[in-house]
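Using this note's numbering, the letters of the sequence shown map in sequence onto residues 4 to 197. For every residue, glycine included, the Cβ atom is placed at its ideal position computed from N, Cα and C. Remember, it's a predicted structure, so these values are computed and weren't measured experimentally. Each remark here refers to the structure printed beneath this line.
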Amino acid sequence: MSNGKFIVIEGLDGTGKSTTAKALAKALGGTALSTPVDKFKDVRPKLEEIYAEESYGRQLFYASTAIASSLQVEKELVDVPAVVLDRYWLSTQVYHSWRTQGAHFQLPEVESMILKPDLTVYLELSLEERVKRLGGRSDNTEEDRQTTELDANQQLNALYHSYNNSPCVGKWLKVDAAFSTDEIVEAVIECLAK
4 MSNGKFIVIE GLDGTGKSTT AKALAKALGG TALSTPVDKF KDVRPKLEEI YAEESYGRQL
64 FYASTAIASS LQVEKELVDV PAVVLDRYWL STQVYHSWRT QGAHFQLPEV ESMILKPDLT
124 VYLELSLEER VKRLGGRSDN TEEDRQTTEL DANQQLNALY HSYNNSPCVG KWLKVDAAFS
184 TDEIVEAVIE CLAK
(Lines of atoms letter the chains of each structure in order from A and count residues from 1; the text may use other names and numbers.)
(Lines give C-alpha, C1' and ligand atoms only; values in the text may rest on other atoms or scores of the structure.)
Protein backbone atom coordinates (compact mmCIF):
# COMPACT_ATOMS: atom_id res chain seq x y z
CA MET A 1 0.00 0.00 0.00
CA SER A 2 1.22 3.48 -0.85
CA ASN A 3 1.94 6.28 1.60
CA GLY A 4 1.02 8.84 -1.04
CA LYS A 5 -1.71 11.39 -0.52
CA PHE A 6 -5.00 11.22 -2.37
CA ILE A 7 -6.70 14.62 -2.64
CA VAL A 8 -10.02 15.34 -4.34
CA ILE A 9 -11.04 18.78 -5.60
CA GLU A 10 -14.80 19.33 -5.66
CA GLY A 11 -17.01 22.32 -6.40
CA LEU A 12 -19.48 23.67 -8.89
CA ASP A 13 -18.54 24.51 -12.47
CA GLY A 14 -16.45 27.65 -12.71
CA THR A 15 -14.84 27.39 -9.27
CA GLY A 16 -11.41 26.50 -10.66
CA LYS A 17 -11.23 22.78 -9.92
CA SER A 18 -9.09 21.81 -12.92
CA THR A 19 -6.67 24.71 -12.48
CA THR A 20 -6.36 23.99 -8.75
CA ALA A 21 -5.89 20.25 -9.27
CA LYS A 22 -3.05 20.78 -11.75
CA ALA A 23 -1.31 23.42 -9.63
CA LEU A 24 -1.63 21.37 -6.44
CA ALA A 25 -0.36 18.20 -8.12
CA LYS A 26 2.66 20.12 -9.42
CA ALA A 27 3.38 21.62 -5.97
CA LEU A 28 3.22 18.15 -4.40
CA GLY A 29 5.27 16.47 -7.13
CA GLY A 30 2.30 14.33 -8.00
CA THR A 31 -0.22 13.65 -10.74
CA ALA A 32 -3.48 15.42 -11.62
CA LEU A 33 -6.40 13.38 -12.93
CA SER A 34 -10.08 14.03 -13.47
CA THR A 35 -13.28 12.02 -13.26
CA PRO A 36 -14.20 10.63 -15.74
CA VAL A 37 -10.66 9.53 -16.61
CA ASP A 38 -9.42 9.92 -20.18
CA LYS A 39 -10.53 6.50 -21.42
CA PHE A 40 -14.17 7.70 -21.22
CA LYS A 41 -13.53 10.84 -23.29
CA ASP A 42 -14.79 9.44 -26.61
CA VAL A 43 -17.76 7.44 -25.28
CA ARG A 44 -19.07 9.94 -22.72
CA PRO A 45 -21.00 12.18 -25.18
CA LYS A 46 -22.72 9.16 -26.71
CA LEU A 47 -23.65 7.74 -23.30
CA GLU A 48 -24.94 11.16 -22.20
CA GLU A 49 -27.19 11.07 -25.27
CA ILE A 50 -28.33 7.48 -24.64
CA TYR A 51 -29.12 8.15 -20.98
CA ALA A 52 -30.58 11.64 -21.45
CA GLU A 53 -34.01 10.43 -20.29
CA GLU A 54 -32.79 7.57 -18.08
CA SER A 55 -31.46 9.10 -14.87
CA TYR A 56 -30.67 5.80 -13.14
CA GLY A 57 -28.69 4.54 -16.14
CA ARG A 58 -26.82 7.84 -16.32
CA GLN A 59 -26.00 7.66 -12.61
CA LEU A 60 -24.69 4.09 -12.96
CA PHE A 61 -22.46 5.18 -15.85
CA TYR A 62 -20.96 7.97 -13.72
CA ALA A 63 -20.62 5.61 -10.75
CA SER A 64 -18.58 3.34 -13.02
CA THR A 65 -16.33 6.29 -13.88
CA ALA A 66 -15.71 6.87 -10.16
CA ILE A 67 -14.66 3.23 -9.82
CA ALA A 68 -12.30 3.65 -12.80
CA SER A 69 -10.85 6.79 -11.20
CA SER A 70 -10.32 4.94 -7.92
CA LEU A 71 -8.41 2.17 -9.68
CA GLN A 72 -6.31 4.70 -11.63
CA VAL A 73 -5.47 6.63 -8.46
CA GLU A 74 -4.34 3.42 -6.73
CA LYS A 75 -2.04 2.63 -9.66
CA GLU A 76 -0.59 6.15 -9.76
CA LEU A 77 0.07 6.24 -6.01
CA VAL A 78 2.56 3.39 -6.39
CA ASP A 79 4.92 5.78 -8.21
CA VAL A 80 4.04 9.32 -7.10
CA PRO A 81 3.71 11.04 -3.71
CA ALA A 82 0.28 12.48 -4.44
CA VAL A 83 -2.67 12.23 -6.79
CA VAL A 84 -5.05 15.16 -7.08
CA LEU A 85 -8.39 14.26 -8.63
CA ASP A 86 -10.74 16.83 -10.18
CA ARG A 87 -14.22 15.52 -9.15
CA TYR A 88 -14.95 12.09 -7.71
CA TRP A 89 -17.73 10.21 -5.93
CA LEU A 90 -19.32 13.28 -4.36
CA SER A 91 -20.02 14.89 -7.73
CA THR A 92 -21.77 11.74 -8.94
CA GLN A 93 -24.08 11.65 -5.94
CA VAL A 94 -24.67 15.40 -5.63
CA TYR A 95 -25.47 16.06 -9.27
CA HIS A 96 -27.74 13.04 -9.63
CA SER A 97 -29.59 13.94 -6.44
CA TRP A 98 -30.06 17.48 -7.75
CA ARG A 99 -31.11 16.42 -11.26
CA THR A 100 -33.73 13.97 -9.93
CA GLN A 101 -34.88 15.82 -6.79
CA GLY A 102 -33.43 13.01 -4.68
CA ALA A 103 -34.68 10.07 -6.78
CA HIS A 104 -31.31 8.40 -7.25
CA PHE A 105 -29.41 5.32 -6.08
CA GLN A 106 -27.43 5.65 -2.84
CA LEU A 107 -24.98 2.93 -4.01
CA PRO A 108 -23.35 2.15 -0.64
CA GLU A 109 -21.57 -0.87 -2.18
CA VAL A 110 -19.77 1.38 -4.65
CA GLU A 111 -19.00 3.96 -1.98
CA SER A 112 -17.52 1.30 0.31
CA MET A 113 -15.26 -0.18 -2.37
CA ILE A 114 -13.67 2.94 -3.87
CA LEU A 115 -10.48 4.46 -2.51
CA LYS A 116 -11.15 7.04 0.18
CA PRO A 117 -9.41 10.40 -0.23
CA ASP A 118 -7.18 11.74 2.51
CA LEU A 119 -8.67 15.16 1.86
CA THR A 120 -11.56 16.62 -0.11
CA VAL A 121 -11.14 20.29 -0.95
CA TYR A 122 -14.42 22.03 -1.64
CA LEU A 123 -14.03 25.19 -3.71
CA GLU A 124 -16.90 27.59 -3.11
CA LEU A 125 -17.47 30.77 -5.08
CA SER A 126 -20.20 33.40 -5.20
CA LEU A 127 -22.81 32.86 -7.90
CA GLU A 128 -21.95 36.23 -9.44
CA GLU A 129 -18.29 35.26 -9.86
CA ARG A 130 -19.18 31.78 -11.17
CA VAL A 131 -21.41 33.36 -13.83
CA LYS A 132 -18.54 35.64 -14.87
CA ARG A 133 -16.09 32.77 -15.13
CA LEU A 134 -18.48 30.52 -17.03
CA GLY A 135 -19.25 33.40 -19.38
CA GLY A 136 -15.64 33.25 -20.54
CA ARG A 137 -15.83 29.57 -21.44
CA SER A 138 -17.00 28.20 -24.77
CA ASP A 139 -17.60 24.59 -23.64
CA ASN A 140 -20.50 25.13 -21.21
CA THR A 141 -23.21 22.49 -21.29
CA GLU A 142 -26.91 23.05 -20.71
CA GLU A 143 -26.44 21.60 -17.21
CA ASP A 144 -23.64 24.13 -16.54
CA ARG A 145 -26.06 26.92 -17.46
CA GLN A 146 -28.79 25.48 -15.24
CA THR A 147 -26.44 25.49 -12.24
CA THR A 148 -26.14 29.28 -12.53
CA GLU A 149 -29.77 29.73 -11.52
CA LEU A 150 -29.99 30.93 -7.91
CA ASP A 151 -32.02 27.96 -6.60
CA ALA A 152 -29.79 25.42 -8.33
CA ASN A 153 -26.63 27.08 -7.04
CA GLN A 154 -27.98 27.02 -3.47
CA GLN A 155 -29.25 23.43 -3.72
CA LEU A 156 -25.97 22.12 -5.12
CA ASN A 157 -23.83 23.87 -2.51
CA ALA A 158 -26.12 22.55 0.25
CA LEU A 159 -25.92 19.01 -1.15
CA TYR A 160 -22.13 19.12 -1.24
CA HIS A 161 -22.01 20.41 2.35
CA SER A 162 -24.40 17.67 3.48
CA TYR A 163 -21.63 15.15 2.70
CA ASN A 164 -18.83 16.94 4.58
CA ASN A 165 -18.72 14.32 7.38
CA SER A 166 -19.15 11.34 5.09
CA PRO A 167 -16.46 8.63 5.09
CA CYS A 168 -16.21 9.02 1.30
CA VAL A 169 -14.58 12.45 1.60
CA GLY A 170 -11.79 11.94 4.16
CA LYS A 171 -10.96 15.25 5.80
CA TRP A 172 -13.06 18.17 4.46
CA LEU A 173 -11.61 21.57 3.65
CA LYS A 174 -13.81 24.37 2.33
CA VAL A 175 -11.82 27.05 0.49
CA ASP A 176 -12.94 30.37 -0.94
CA ALA A 177 -12.33 29.94 -4.67
CA ALA A 178 -12.02 33.72 -5.06
CA PHE A 179 -8.48 33.36 -3.69
CA SER A 180 -5.66 33.02 -6.18
CA THR A 181 -4.60 29.53 -7.24
CA ASP A 182 -1.33 29.97 -5.30
CA GLU A 183 -3.25 30.90 -2.14
CA ILE A 184 -5.57 27.92 -2.52
CA VAL A 185 -2.61 25.56 -3.03
CA GLU A 186 -0.90 27.02 0.04
CA ALA A 187 -4.05 26.53 2.16
CA VAL A 188 -4.33 22.89 1.05
CA ILE A 189 -0.66 22.17 1.74
CA GLU A 190 -1.02 23.72 5.22
CA CYS A 191 -4.05 21.50 5.87
CA LEU A 192 -2.14 18.39 4.72
CA ALA A 193 0.73 19.26 7.05
CA LYS A 194 -1.53 19.31 10.12
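Residue i to residue j span [Cα, whole Å]
i, j, result
"M4", "N167", "With a pLDDT of 46 at M4, under the threshold of 50, the predicted position of this residue should be treated as unreliable, and no value is reported."
"T68", "L50", "12 Å"
"V134", "K20", "15 Å"
"V178", "E127", "6 Å"
"V87", "E79", "10 Å"
"N156", "T144", "15 Å"
"P39", "S73", "10 Å"
"N160", "T95", "14 Å"
"V113", "V81", "22 Å"
"Q10", "D121", "The question names Gln, yet the displayed sequence has Ile at residue 10. Between I10 and D121, the C-alpha separation is close to 6 Å."
"V172", "K119", "7 Å"
"S58", "E186", "38 Å"
"G45", "R90", "A quick correction: the sequence has Asp, not Gly, at residue 45. Taking the straight line joining both Cα atoms gives about 19 Å."
"E52", "L63", "14 Å"
"T22", "R140", "14 Å"
"S100", "K197", "33 Å"
"Y65", "F108", "12 Å"
Best match in the options for proximity to residue i [C-alpha to C-alpha]
i, options, result
"R61", "P48, A71, S72", "P48"
"W92", "Q104, E77, I70, L74", "I70"
"Y98", "Q149, R133, D82", "Q149"
"S183", "E13, A26, G7", "A26"
"E77", "G7, E189, E146, G32", "G7"
"T103", "A55, S165, T18, A24", "A55"
"S169", "W101, A180, S115, V46", "S115"
Neighbourhood of residue i by C-beta, 6 Å cutoff - its chain only, sequence neighbours within 5 removed
i, result
"W175", "T123, N167"
"G17", "R133, R136, L137"
"L195", "none"
"F43", "T68"
"A24", "I12, A35, V87, D89"
"G32", "P84"
Local Cβ density within 10 Å of residue i, reported as buried at 16 or more and exposed below that
i, result
"D142", "exposed"
"L36", "buried"
"A106", "exposed"
"S165", "exposed"
Same chain only: Cβ atoms within 7 Å of residue i, ignoring 5 sequence neighbours per side
i, result
"Y163", "E13, L93, V97, Y125"
"D147", "D16, L137"
"Q75", "L36, V40"
Own chain partners of residue i with C-beta closer than 8 Å, once the 5 adjacent residues on each side are dropped
i, result
"A30", "V188, I192"
"L153", "L130"
"A190", "L176, V178, F182"
"T34", "A28, E79, V83, A85, V86, V87"
In DSSP terms, what residue i is bridged to
i, result
"S37", "D89"
"V178", "L126"
"V11", "L88, T123"
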